[in-house]
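*Asks:* First, the structure itself, so that you have it in front of you.
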DNA sequence: GGATAAATTGCATTCGAAGTCAAAAATGTT
DNA sequence: AACATTTTTGACTTCGAATGCAATTTATCC
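Residue numbers (our numbering), protein chains in the order written: chain A, 1 to 346; chain B, 1 to 346.
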């Protein structure tokens, strides 16, 4: 009772202090609302005197333009959606994307598909918020991709490309990167037997990386490669190593992991739980070039994705398409950078 | 030339396919716009027949309500801003927050202060987007905090509390956690000399953790504690260890790190670059309980923040205040959980 | 100085959905 | 069947800023 009463009073108090609108400013400055509006539009026709008068009033009243109202009439929300399957995997990417969008005066609505939330439900939300474009670092079905076209919302995939669908994407040359890693392993002349820890079977990226590795090994005449799958997580790397050894009876000379996280798990399982030396007994390579890869504990040989270039490309590709809906889809592929490490023996 | 021409054509084509509005649906269904609107408002007075008719039309036309327009009239954007100083530090937190907000039909506008972007410029953006509330996991000045009050935008701090300011916050008991860690160290009876690697001097959290450690050590009669500072990053942990040894001439029995990341750096510097054994020669403890802390490479003794409870608390506290502006500020403090590890000797 | 061109300003309308209120329809009562 | 009640429905206005257009002011030129 008392609680309700007091809160109501405060609410009323709050509602007296309504938002300052452009009309309020106009009144205060003795000009028209249009004039106020124009003062916030770069390159609009406003005299110096007018601008001064308005800006003074703006300061005095603490006016901030309402981006929601603006978005309604301009049909430009200046918001983009970033859809990530799991934030934990590549925080740097989201961080970089966000920074680059912010530079351009664009804001990021974040959507994660972590807890297996329904993709279609997420897209529903995306449409409702009238975002100007979408960056997707998650898997979407062809049907879902088609709705972007229907709704005229530009879409750029990050780090996944759909070869047979006309959709823009920025990605890393998975195959080339993986080949470079295998080169590194074969060139040392120390590795005869190989095993691969792949990502989940529905991951296109994992498939590409695996294909790159298998093909390259094949070219070297190595065809008997143990292959087990993980889920990109540390623990699954550990489990995968157990599985490999169980399958083969002994450890291979080298283990190729579809990403760094699983490589860490693999290294730790080998070193701390199975008493193998890395790289003495087993060499390990990863993929991605996350921060921890260069930590002394791991010093993992990996392929670093050029995150800066890739995010910049994704952002500019998206914004170009926001500005000109007519631009055709484009797929940009960046080469990864081989980073050597002491997780591979020479 | 050709390019411009073709793009213009496509643009026109696009603009013919305008958004489907509630009015379009109404026309198609032969009802009023209000009726359509009501069908999307839970608990509104709509007959079964009407709802059916409208929903059929909605499906046929692929209508999606415009959240921007709705927000304008309802003065509820159903968006909150999450301001993070650096996404790389706690991706789980952002991820959890996002998931919990999504559950409640609220969307997250992400703001990072990574590249030392101006806080005031960021806040300016926040105001423009009419967010219903803000979660801040970053430092704000008292003046900046005051503007939230002025603008009637609920604010909840995550993992930082301002003792002398009436503002809501969710945080972890830094002092208690640190004391638990020191208990662990002293109880083993193996540690006489201590060093502390603090966070940046402007970090309140670091100050609290450091204070907790110093006070607790003091109570045990240990007053000569070497203290150096880092920036919460891996590299700074490594550098700090060098500094400590330079200052003391030798390594201490235990190094207390203000967070896990620096503890990893410290451990690696000790083990791989200075030939000290961890924990044989030096014990190391961290704070936060990030994923990597439990990796076998580190197995770091640390205090885990109850991220789930904390994010849930932050979200519900914020939304409560969005629903009832009258609620007074509240500070909730959660206890961390001591996680032992083999980075400390017994 | 007067005519014309150019820049500036204000009026009125628009964006899309929601809420108010009164009219209309459905329901209940005797 | 006549009336009172309740439920549904639609016309109209509102939110806050942007913009086309006409009106006004200012600048330019001979």
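We treat Cβ as the ideally placed atom computed from N, Cα and C, and that holds for glycine.
Is the Cβ of residue 329(A) closer than 8 Å to any Cβ of chain B?
*Replies:* no
*Asks:* Could you tell me the boundaries of the alpha helix (DSSP H) in which residue 34(B) lies?
*Replies:* 33 to 39
*Asks:* Indicate whether residue 256(A) and residue 338(A) have their beta-carbon atoms separated by less than 8 Å.
*Replies:* no
*Asks:* Can you give me, in chain order, the residues of the stretch 271 to 298 of chain B that have a beta carbon less than 8 Å from any beta carbon in chain A?
*Replies:* 271, 272, 273, 291, 292, 295, 296, 297 and 298
*Asks:* I'd like to know whether the C-beta of residue 266(B) is nearer than 8 Å to at least one C-beta of chain A.
*Replies:* no
*Asks:* Are the beta-carbon atoms belonging to residue 340(A) and residue 301(A) less than 8 Å from one another?
*Replies:* yes
*Asks:* So which residues on chain A does residue 300(B) lean against when the C-beta distance must stay under 7 Å?
*Replies:* Those do not exist, as residue 300(B) stays about 11 Å from chain A at its closest Cβ, beyond 7 Å.
*Asks:* Tell me, which residues are paired with residue 158(B) by DSSP?
*Replies:* 170(B)
*Asks:* Provide the residue(s) that pair with residue 339(B) in DSSP beta bridges, ordered along the chain.
*Replies:* 302(B)
*Asks:* Look at the Cβ atom of residue 99(A), then the Cβ atom of residue 231(B), and state whether they are nearer than 8 Å.
*Replies:* no
*Asks:* Nearest CA to the CA of residue 184(A): which residue from 224(A), 34(A), 285(A) and 28(A)?
*Replies:* 285(A)
*Asks:* Which of the residues in the stretch 132 to 166 of chain A, read from start to end, lie with their CB under 8 Å from any CB of chain B?
*Replies:* 150 and 152
*Asks:* What span of residues does the beta strand (DSSP E) with residue 81(B) cover, start to end?
*Replies:* That run of the beta strand (DSSP E) goes 79 to 84.
*Asks:* Using CA atoms only, rank isn't needed, just tell me which of 80(A), 209(A) and 38(A) is closest to residue 319(A).
*Replies:* 80(A)
*Asks:* Go through its chain and collect everything with a Cβ distance to residue 311(A)'s Cβ below 7 Å, but skip five positions before and after it.
*Replies:* 93, 96, 97 and 100
*Asks:* Which same chain residues, not among the five before or five after residue 65(A), have their C-beta less than 6 Å away from its C-beta?
*Replies:* 40
*Asks:* If I measure Cβ to Cβ from residue 228(A) and keep anything under 8 Å in the same chain, skipping five residues before and after, which residues do I get?
*Replies:* 195, 196, 197, 198, 240, 243, 244 and 247
*Asks:* Report the neighbours of residue 318(A) on chain B: residues whose CB is nearer than 9 Å to its CB, in chain order.
*Replies:* By Cβ distance, chain B contributes nothing, its closest Cβ being about 16 Å from residue 318(A), past 9 Å.
*Asks:* If you check the beta carbons only, do residue 169(B) and residue 156(B) fall under 8 Å apart?
*Replies:* yes
*Asks:* Could you work out which residues of chain B lie near residue 71(A), taking near to mean beta carbons separated by less than 7 Å?
*Replies:* 68
*Asks:* Can we say the stretch 49 to 63 of chain B touches the stretch 17 to 37 of chain B, given the rule of at least three CB pairs closer than 8 Å?
*Replies:* yes
*Asks:* Let me check understanding here. Comparing Cα to Cα, which of 126(B), 82(B), 122(B) and 261(B) lies closest to residue 89(B)?
*Replies:* Checked all of 126(B), 82(B), 122(B) and 261(B); the closest Cα to residue 89(B) is 261(B).
*Asks:* Compile a chain-ordered list of the residues in the stretch 19 to 42 of chain B whose CB is closer than 7 Å to at least one CB of chain A.
*Replies:* Listed by position, the residues of the stretch 19 to 42 of chain B near chain A (Cβ gap below 7 Å) amount to none.
*Asks:* Between 327(A), 50(A), 282(A) and 19(A), which lies nearest to residue 342(A) when the distance is taken from Cα to Cα?
*Replies:* 282(A)
*Asks:* Below 6 Å CB to CB, which residues in the same chain sit around residue 85(A) once its five sequence neighbours on both sides are set aside?
*Replies:* Around residue 85(A): 113 and 138.
*Asks:* If you compare alpha carbons, which of 201(A), 336(A) and 330(A) is closest to residue 161(A)?
*Replies:* 330(A)
*Asks:* Quick one: grab the DSSP three-state call for residue 242(A).
*Replies:* In this structure, DSSP gives residue 242(A) a helical state, which the three-state scheme calls helix.
*Asks:* Please name the residue in 190(A), 277(A) and 171(A) whose C-alpha comes closest to that of residue 305(A).
*Replies:* 171(A)
*Asks:* Identify the contact partners of residue 315(A) in chain B, using a Cβ-Cβ distance below 7 Å as the criterion.
*Replies:* Chain B residues near residue 315(A): none, gap ~14 Å exceeds 7 Å.
*Asks:* Would you verify that the beta carbon of residue 108(B) is, or is not, closer than 8 Å to some beta carbon of chain A?
*Replies:* yes
*Asks:* Just the C-alpha distance for residue 43(A) and residue 165(B), rounded to the nearest angstrom, thanks.
*Replies:* Roughly 42 Å between the two C-alpha positions.
*Asks:* Spatial neighbours of residue 275(B) within its chain, please: C-beta separation below 6 Å, excluding the five flanking residues on both sides.
*Replies:* none
*Asks:* With residue 107(B) and residue 217(A) assumed to form a contact (beta carbons below 8 Å), what rounded beta-carbon distance in angstroms separates them?
*Replies:* That belief does not hold up - the Cβ atoms of residue 107(B) and residue 217(A) are roughly 46 Å apart, past 8 Å.
*Asks:* Of the choices 59(A), 179(A), 34(A) and 333(A), whose alpha-carbon is the least far from that of residue 220(A)?
*Replies:* Restricting attention to 59(A), 179(A), 34(A) and 333(A), the CA atom closest to the CA of residue 220(A) is found in 179(A).
*Asks:* Does the CB of residue 338(B) have a neighbour CB from chain A at under 8 Å?
*Replies:* no
*Asks:* Report the residues of the stretch 207 to 222 of chain A with a CB closer than 7 Å to any CB of chain B, ordered along the chain.
*Replies:* none
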